[in-house]
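Visitor: Please find one structure pasted underneath; my questions will follow.
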Amino acid sequence: MNHSIVLAGPAAETTRLVAYWILAIASVAAAIGMVLARKAVHCAILLAVVMLSLAVFYAMLGAPFLAFVQVIVYTGAVLMLFLFVLMIVGISAADSIIETIRGQRMWAALSGIAMLVLLSLVIGHAVIGSAAPSSAKFGNANVTSLADLIFTKYLYPFEITSALLIIAAVGAMVLAHRERIGPKPTQRELAGQRVAGGHPAPRPGPGTYAQHNAADMPALLPDGSQSELSVSAVLTFRTAEAPPELPGGTSETGTAGSVAAPPPAERHESGEQ
Amino acid sequence: MVSPAHFIALSVILFVIGAVGVLVRRNAIVVFMSVELMLNAANLAFVAFARMHGALDGQIIAFFVMVVAAAEVVVGLAILTAIFRARRSASVDDANLMKY
Chain R
16 MNHSIVLAGP
26 AAETTRLVAY
36 WILAIASVAA
46 AIGMVLARKA
56 VHCAILLAVV
66 MLSLAVFYAM
76 LGAPFLAFVQ
86 VIVYTGAVLM
96 LFLFVLMIVG
106 ISAADSIIET
116 IRGQRMWAAL
126 SGIAMLVLLS
136 LVIGHAVIGS
146 AAPSSAKFGN
156 ANVTSLADLI
166 FTKYLYPFEI
176 TSALLIIAAV
186 GAMVLAHRER
196 IGPKPTQREL
206 AGQRVAGGHP
216 APRPGPGTYA
226 QHNAADMPAL
236 LPDGSQSELS
246 VSAVLTFRTA
256 EAPPELPGGT
266 SETGTAGSVA
276 APPPAERHES
286 GEQ
Chain S
3 MVSPAHFIAL
13 SVILFVIGAV
23 GVLVRRNAIV
33 VFMSVELMLN
43 AANLAFVAFA
53 RMHGALDGQI
63 IAFFVMVVAA
73 AEVVVGLAIL
83 TAIFRARRSA
93 SVDDANLMKY
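Residue numbers (the working numbering), protein chains in the order written: chain R, 16 to 288; chain S, 3 to 102.
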């Protein structure tokens with residue numbers, strides 16, 4: 016059954032129009048939210064909304080191949096790469112509100128409006144015709160027609176693309192590589208350090224005897240106090256850095272001796288009596 | 003009736019929002035995301051024009067834009083992690099070593 020035959024008729028036209036308006040409003044709202052959101056993770060999620068709605072637009076415009084590539088490459092790979100880098104660079108790092116250049120926001124907004132006016136004028140004057148009559152190139156035969164073009168007319172750009180990808184991969188490896196400054200410690204040296212450090216036994220795991228066993232929940236010692244050794248230093252640093260923006264459960268536990276500890280401690284004492 | 007003009011108007015709006023994001027935001031990762039938004043808006047215009055002309059060349063160009071954008075993101079984010087490792091900051095204001 017042909018794709019273009021299925022989506023014909025006035026009812027399909029209305030469906031398209033409704034889908035267009037819903038997704039257009041959603042994508043513009045998400046794009047504005049991406050510019051305004053203070054946390055980088057929220058920006059990434061909103062960008063995913065824009066990209067997924069663009070994938071639907073590609074499908075509506077007779078580009079099923081590009082629609083899938085958009086979902087797989089952009090939303091799947093590029094955005095996940097963004098999220099991975101956010102994990103490395105610090106997920107809680109919010110943008111500062113202070114303007115370094117005075118009036119930067121105002122001028123940016125003004126130039127944005129000027130750009131919008133300019134582009135609207137240019138495109139408003141251009142003659143944008145209606146869609147060309149539907150053909151198999153924009154339906155079932157889309158992939159084969161694209162392949163025909165790529166391997167004939169656009170063969171050389173396609174080959175150069177492979178060089179670009181290899182250079183990008185090598186460049187990323189070179190840039191992300193870190194030189195080892197000292198020699199790698201041997202297993203014997205590591206064991207010696209462990210014995211000399213006064214902690215030959217394994218350290219307590221997070222959440223031992225505590226209320227729950229989340230990774231940021233400090234373990235309780237026999238006397239009911241919290242063991243700071245049991246929580247990773249990275250987590251303590253992150254929760255101490257931005258306490259008000261995290262939900263209640265996480266920010267309490269980062270600093271030792273807070274709300275999470277007392278109930279088990281009381282229970283412990285009553286057990287002793 | 004959804005005509006290509008609808009999609010081109012939408013791509014104009016998304017492109018301008020991305021450009022404003024590049025100008026306003028300070029976090030280098032978010033600046034990158036705004037650049038991605040601009041590239042996506044340009045892609046939408048390419049695909050819409052391809053539909054209007056009834057030729058697939060616009061879709062091919064959009065495909066190449068996606069490839070180049072993927073390569074650009076990989077290298078850009080690697081540079082970002084290298085800068086972050088050296089300076090402990092992802093803000094574009096902090097990288098001002100070559101400022102006169």
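Cβ atoms here follow ideal geometry from the backbone N, Cα and C, with glycine treated the same way. Every value quoted in this text rests on a predicted model; they were computed, and no experiment measured them.
Go ahead and pull the three-state DSSP assignment for L247(R).
Guide: Position 232 of the first sequence holds residue 247(R). Note that residue 247(R) is Ser in the sequence shown here, rather than Leu. S247(R) falls in the coil class under three-state DSSP.
Visitor: Answer yes or no: does any C-beta atom of chain S fall closer than 8 Å to that of I47(R)?
Guide: Residue 47(R) sits at position 32 when you count from the first residue of the first sequence. Output row for I47(R): interface = yes.
Visitor: Is there at least one Cβ from chain S nearer than 8 Å to A257(R)'s Cβ?
Guide: Within the first sequence, the letter at position 242 stands for residue 257(R). Reliability of the predicted coordinates at A257(R) is poor, the pLDDT of 48 falling under 50, and the value obtained from them is presented with this limitation in mind. No, A257(R) lies away from the interface with chain S (no Cβ there is under 8 Å from its Cβ).
Visitor: Output the distance between the C-alpha atoms of A72(S) and R120(R), rounded to the nearest integer angstrom.
Guide: By 1-based counting over the second sequence, the position of residue 72(S) is 70. By 1-based counting over the first sequence, the position of residue 120(R) is 105. Going by the C-alpha atoms only, they are around 29 Å apart.
Visitor: In this structure, does DSSP put Q226(R) in helix, strand or coil?
Guide: In the first sequence, residue 226(R) corresponds to position 211, counting from 1. DSSP places Q226(R) in coil when its eight states are reduced to three.
Visitor: Is the CB-CB distance between A52(S) and D59(S) below 8 Å?
Guide: Locating residue 52(S) in the second sequence gives position 50, where the first residue counts as 1. Locating residue 59(S) in the second sequence gives position 57, where the first residue counts as 1. Taking 8 Å as the Cβ cut-off, A52(S) and D59(S) qualify as a contacting pair.
Visitor: For chain S, is any of its Cβ atoms less than 8 Å away from the one on E260(R)?
Guide: For the purposes of this step, residue 260(R) is taken as residue 245 along the first sequence, with counting starting at 1. In this predicted model, E260(R) has a pLDDT of only 43, less than 50, meaning its place in the structure is not dependable enough to derive any value.
Visitor: Work out the CA separation of A97(S) and V93(R) for me, nearest whole Å.
Guide: Counting from 1 along the first sequence, the entry for residue 93(R) is found at position 78. Counting from 1 along the second sequence, the entry for residue 97(S) is found at position 95. Between V93(R) and A97(S), the C-alpha separation is close to 24 Å.
Visitor: Look up L235(R) in the DSSP assignment and give the residues it is bridged to.
Guide: To locate residue 235(R), count along the first sequence from 1; it is residue 220. DSSP output for L235(R) lists Q241(R) as bridge partner(s).
Visitor: List, in order along the chain, the chain R residues whose C-beta lies closer than 8 Å to that of D95(S)?
Guide: As a position in the second sequence, residue 95(S) is number 93, starting the count at 1. The answer, in chain order, is T115.
Visitor: In the DSSP assignment, the alpha helix (DSSP H) including V70(S) goes from what residue to what residue?
Guide: Counted from its first residue, the second sequence places residue 70(S) at position 68. Start and end: 59–89.
Visitor: Can you tell me whether S93(S) is helix, strand or coil according to DSSP?
Guide: Locating residue 93(S) in the second sequence gives position 91, where the first residue counts as 1. In the structure shown, S93(S) sits in a strand (DSSP, three-state: E or B).
Visitor: Relative to the alpha-carbon of A230(R), which residue among E243(R), G239(R), P237(R) has its alpha-carbon at the smallest distance?
Guide: Position 215 of the first sequence, counting from 1, holds the residue named residue 230(R). The shortest C-alpha separation from A230(R) is found at E243(R).
Visitor: Do A57(S) and S13(S) count as a contact pair if the criterion is CB distance below 8 Å?
Guide: For this step, residue 13(S) is matched to residue 11 along the second sequence. For this step, residue 57(S) is matched to residue 55 along the second sequence. Taking 8 Å as the Cβ cut-off, S13(S) and A57(S) do not qualify as a contacting pair.
Visitor: Can you confirm whether the segment 121–141 of chain R touches the segment 9–26 of chain S when touching is taken to mean that 3 or more C-beta pairs between the two stretches lie within less than 8 Å?
Guide: At 8 Å Cβ cutoff, the stretches touch.
Visitor: List the residues that DSSP assigns as beta-bridge partners of N29(S).
Guide: By one-based count along the second sequence, residue 29(S) stands at place 27. S93(S), per the DSSP bridge assignment.
Visitor: Judging by CA-CA distance, which residue of A225(R), T30(R), Q208(R) is the nearest neighbour of S240(R)?
Guide: Stepping through the first sequence from its first residue, residue 240(R) is reached at position 225. When only C-alpha atoms are compared, the closest one is A225(R).
Visitor: Please return the same chain residues whose Cβ sits closer than 8 Å to the Cβ of Q61(S), not counting the five positions on each side in sequence.
Guide: For the purposes of this step, residue 61(S) is identified with residue 59 of the second sequence, where counting begins at 1. Around Q61(S): F48, V49, A52.
Visitor: When you compare only the Cα positions, how much space is there between A55(R) and A46(R)?
Guide: Along the first sequence, read from residue 1 onward, the residue named residue 55(R) stands at position 40. Along the first sequence, read from residue 1 onward, the residue named residue 46(R) stands at position 31. Each residue's Cα considered, the two are about 13 Å apart.
Visitor: Fully enclosed by the segment 169–196 of chain R, which alpha helix (DSSP H) runs are 4 residues long or longer?
Guide: The segment 169–196 of chain R contains these whole alpha helix (DSSP H) runs: 170–191.
Visitor: Would you say M95(R) lies against chain S (beta-carbon separation less than 8 Å)?
Guide: Stepping through the first sequence from its first residue, residue 95(R) is reached at position 80. Output row for M95(R): interface = no.
Visitor: CB L69(R) to CB L99(S), shorter than 8 Å?
Guide: Here residue 69(R) refers to the residue found at position 54 of the first sequence. Here residue 99(S) refers to the residue found at position 97 of the second sequence. For L69(R) and L99(S), no; Cβs fall outside 8 Å.
Visitor: In chain R, which residues lie with their C-beta within 9 Å of the C-beta of V67(S)?
Guide: Taking the first residue of the second sequence as 1, we reach residue 67(S) at position 65. None at all; the shortest Cβ gap to chain R is about 10 Å.
Visitor: With a threshold of 8 Å on Cβ separation, who are the neighbours of F104(S) within its own chain once the five nearest residues in sequence on each side are excluded?
Guide: Because chain S is modelled from 3 through 102, residue 104(S) falls outside the range shown and cannot be assessed.
Visitor: Give the interface partners of M35(S) over in chain R, defined as CB-CB distance under 7 Å, in chain order.
Guide: In the second sequence, residue 35(S) corresponds to position 33, counting from 1. Chain R residues near M35(S): M49, C58, A59, L62, F97.
Visitor: Which of the three DSSP states, helix, strand or coil, is assigned to G53(S)?
Guide: Numbered from 1 along the second sequence, position 51 holds the residue referred to as residue 53(S). Per the sequence shown, residue 53(S) should be read as Arg rather than Gly. Residue state, collapsed to three classes: helix.
Visitor: Report buried or exposed for S150(R), applying the criterion of at least 16 other Cβ atoms within 10 angstroms of its Cβ.
Guide: Locating residue 150(R) in the first sequence gives position 135, where the first residue counts as 1. Looking at its Cβ environment, which holds fewer than 16 other Cβ atoms inside 10 Å, S150(R) is exposed.
Visitor: Any beta carbon from chain R within less than 8 Å of R89(S)'s own beta carbon?
Guide: Within the second sequence, residue 89(S) is the residue found at index 87, counting from 1. Chain R contact via Cβ: absent.
Visitor: Looking at C-alpha atoms only, which residue of S135(R), M75(R), F99(R) is the closest neighbour of A34(R)?
Guide: Taking the first residue of the first sequence as 1, we reach residue 34(R) at position 19. A34(R) has its Cα closest to that of M75(R), out of S135(R), M75(R), F99(R).
Visitor: Looking at the unbroken alpha helix (DSSP H) that takes in L99(S), where does it start and where does it end?
Guide: What you label residue 99(S) is simply residue 97 of the second sequence in a count that begins at 1. L99(S) -> no alpha helix (DSSP H), and no H or E assigned at all.
Visitor: Return the Cβ separation of V50(R) and S36(S) in integer angstroms, given the expectation that the two are a contact with Cβ distance under 8 Å.
Guide: Taking the first residue of the first sequence as position 1, residue 50(R) is located at position 35. Taking the first residue of the second sequence as position 1, residue 36(S) is located at position 34. Yes, V50(R) and S36(S) are in contact; Cβ-Cβ is about 7 Å, under 8 Å.
Visitor: Give the residues of chain R in contact with L82(S), contact being defined as C-beta atoms less than 8 Å apart.
Guide: Residue 82(S) sits at position 80 when you count from the first residue of the second sequence. What L82(S) touches in chain R: V100, V104.
Visitor: Run through chain R and tell me which residues come within less than 8 Å of A44(S), C-beta to C-beta.
Guide: Numbered from 1 along the second sequence, position 42 holds the residue referred to as residue 44(S). Simply none; closest approach about 11 Å.
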